[in-house]
Each structure stands twice: as C-alpha cells, then as structure tokens.
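Under my numbering, read the sequence shown as residues 238 to 519, first letter to last.
Everything on this sheet refers to the single structure shown next.
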Amino acid sequence: MQTVRQLDLLREAIATWRAAGERVALVPTMGALHDGHMALVEAAKRAGGRVVVSIFVNPKQFGPNEDLAKYPRKELADSRMLAAAGVDLLWMPPAEVMYPEGFATNISVRGVSDVLDGAHRPGHFDGVATVVTKLFNQVHPDIALFGEKDWQQLAVIRRMVVDLDLDIEIQGVLTQREDDGLALSSRNVYLVPEDRARAVALPRALGIAERAIAKGGDPEAALAQAREMLTAAGFEIDYVTLADAETLGDPVEGQPMRLLAAARIGGTRLIDNIPVNTNEYG
Ligand code: PAF
238 MQTVRQLDLL
248 REAIATWRAA
258 GERVALVPTM
268 GALHDGHMAL
278 VEAAKRAGGR
288 VVVSIFVNPK
298 QFGPNEDLAK
308 YPRKELADSR
318 MLAAAGVDLL
328 WMPPAEVMYP
338 EGFATNISVR
348 GVSDVLDGAH
358 RPGHFDGVAT
368 VVTKLFNQVH
378 PDIALFGEKD
388 WQQLAVIRRM
398 VVDLDLDIEI
408 QGVLTQREDD
418 GLALSSRNVY
428 LVPEDRARAV
438 ALPRALGIAE
448 RAIAKGGDPE
458 AALAQAREML
468 TAAGFEIDYV
478 TLADAETLGD
488 PVEGQPMRLL
498 AAARIGGTRL
508 IDNIPVNTNE
518 YG
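This is the structure:
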C-alpha cells in the first residue's frame with residue numbers, strides 16, 4: 238500500500254492507473270478505523286479496480302465546542318489495517334495541503350443540510366460537503382462509499398453529486414453493529430463502561446418504534462415511546478424523528494421513510510438510524 242501526503246504524488250498514482258484503464262473506488266474517512274470502515278473497504282474492493290482510502294480529520298466539520306482536539310487519531314494502527322485489507326493507496330493530506338493559505342470556498346447543500354444534525358451542528362454539513370468535493374476532485378473516483386450510519390451525510394452527498402453533475406457513483410453501506418446492536422462509531426471510545434451499557438437503548442428504542450410504525454401504529458406515539466426509553470436510559474435527546482429517506486423532510490406517502498435519532502449519554506453524542514420497513518407487515 239502506498240501512503241501519499243502530497244497532491245502531485247496522488248495525481249501521479251491515479252494517472253498511472255487510469256492510463257492502464259483501471260477503475261478507482263474512494264472510501265473517505267477521518268481515521269480511527271473500525272469494522273464499519275472496513276466494511277466500506279470490502280465493498281470498495283467488490284466494486285473492482287483500485288481502492289483509495291483517505292484519512293483526514295476535517296476541521297471544517299467540527300463546531301467550536303466539538304471534539305476536534307480530542308478526536309481519536311490512530312495513524313499507525315489505521316495504516317496497518319488498511320494495508321492488511323489490500324487497500325492500494327492511503328491518501329493522508331496534511332491540513333495545509335487540504336486547506337492552503339487563503340482557502341475561501343464553501344460548498345453548501347441547502348435543505349437536506351439544514352434539518353436534524355444540520356440544525357444541531359450549524360456548518361457541519363458545509364464542512365462535510367466542502368471536504369468531500371475536494372476529495373472527489375483530488376482522487377477522481379468512479380465510485381465513493383459512505384456508511385449508512387451517517388444517513389444525513391449520505392443524503393447531503395447524494396444531493397450534491399446530482400446538483401453538481403459529478404460523474405461519481407455514491408454507494409451507501411449498511412451500518413455495522415456490536416452484538417448488542419450499538420452502531421459502530423469512532424466516538425464509541427469516549428463511552429465509559431456504564432454509559433456503554435446504557436447506550437444500547439438507542440438502537441433498541443429505534444427498533445421498537447420501527448416495528449410499531451411499520452405495523453401501522455401512530456408514528457407520533459411510537460416516537461414518544463422511543464424518547465421515553467432514551468430519557469429513562471439517561472440520554473439527553475437532540476432529536477428522534479421520522480423523515481423522508483431522501484430529503485429528510487416530512488415523510489411522504491408511498492416514499493421510503495427513515496427513523497433517525499441523535500442523543501447524548503455522558504457527554505458523548507451518538508447518532509443512529511434505520512429504515513421503516515412498511516412492506517414487512519403489509
Ligand atoms: O464520515 C466521515 O468520516 C466524514 O464525515 C467524511 C465523509 C470523511 C468527511 O470528512
């Protein structure tokens with residue numbers, strides 16, 4: 238696996254593959270890799286061609302009171318995992334390569350960025366959209382893979398790719414979970430054992446609400462019950478909601494729906510989401 242930190246060297250490697258007619262898949266990450274990221278890598282390998290993984294802890298997507306400084310950084314372990322998984326190239330640009338002196342551009346995807354996490358983390362999705370656009374322009378992938386755990390991020394990127402006519406296939410990859418159902422996340426390392434034990438209430442509450450809604454129950458009652466479960470487990474809730482899966486606006490009759498939640502336990506903010514499978518009981 239080549240590890241590259243400078244843009245000209247990245248472009249050289251990609252140009253060599255392109256000249257040989259090879260396809261390129263990109264897995265953008267912020268490092269602190271876990272099995273969720275490795276599932277993206279495996280899906281990228283199945284897509285065929287070369288696999289590029291980027292690691293860049295993007296300051297533009299962290300708010301002033303968020304965890305940028307303490308975000309886990311594990312370069313050596315990450316690099317070993319990726320090499321063992323057969324990744325072709327690790328793109329690890331320093332901050333000054335990603336955002337050189339004078340950088341002044343912002344990509345903002347209105348609507349889908351403004352609700353849910355966007356409302357609770359102002360500027361977050363602008364930071365994501367800006368860095369992902371840069372990664373796309375740096376790597377020029379045929380396909381890019383993102384985890385469904387960050388469902389709203391995936392929706393923002395899909396919207397952006399359509400709006401900007403980017404010729405890149407966006408593939409969402411199923412959320413990977415611990416045995417008890419907690420979604421894998423680099424931020425799970427912040428959870429002390431007591432909070433880790435309580436955190437399982439998040440996927441459970443969503444699962445119970447999903448079954449109630451899928452069976453034709455009142456969505457508001459199901460969401461209220463989910464909120465009660467989370468509060469009883471010690472969570473402080475940012476949102477628990479049912480939304481249109483694509484726009485994240487109000488659900489639309491006949492269109493796919495998604496249950497999404499964000500809540501804090503012991504100071505750690507967790508997010509999760511699941512599809513509402515109305516066909517299951519239809
Ligand atoms: O999902 C992430 O790890 C990040 O938001 C991403 C897509 C790599 C952009 O920094």
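Cβ atoms here follow ideal geometry from the backbone N, Cα and C, with glycine treated the same way.
Excluding five sequence neighbours on each side, which residues of the same chain lie with their C-beta closer than 6 Å to the C-beta of residue 508? 499
Using 10 angstroms around the beta-carbon of residue 454, count the other beta-carbons present and answer buried if the total reaches 16, otherwise exposed. exposed
Where does residue 497 land, buried or exposed, given buried means 16+ other C-beta within 10 angstroms? buried
Let me make sure I understand the geometry here. Which of 415, 349, 359 has the alpha-carbon closest to that of residue 395? 349
Check whether the Cβ atoms of residue 373 and residue 327 sit closer than 9 Å, and answer yes or no. no
I'd like to know whether the C-beta atoms of residue 366 and residue 380 end up nearer to each other than 9 Å. no
Give me, in chain order, the residues of the same chain whose beta-carbon lies closer than 8 Å to that of residue 418; leave out the 5 immediate sequence neighbours on both sides. 437, 440, 441, 444
Can you give the beta carbon distance from residue 250 to residue 241, rounded, assuming they're within the 8 Å contact cut? 6 Å
For the alpha helix (DSSP H) containing residue 355, name the first residue and the last one. 354–357
Answer yes or no: do residue 485 and residue 352 have a C-beta to C-beta separation smaller than 9 Å? yes
Exposed or buried, what is residue 330 when buried is set at 16 or more other beta-carbons lying within 10 Å of its beta-carbon? buried
In whole angstroms, what separates the C-alpha of residue 415 from that of residue 481? 27 Å
Using C-beta distances below 8 Å, list every residue in its chain close to residue 433, excluding the 5 sequence neighbours before and after it, in chain order. 419, 425
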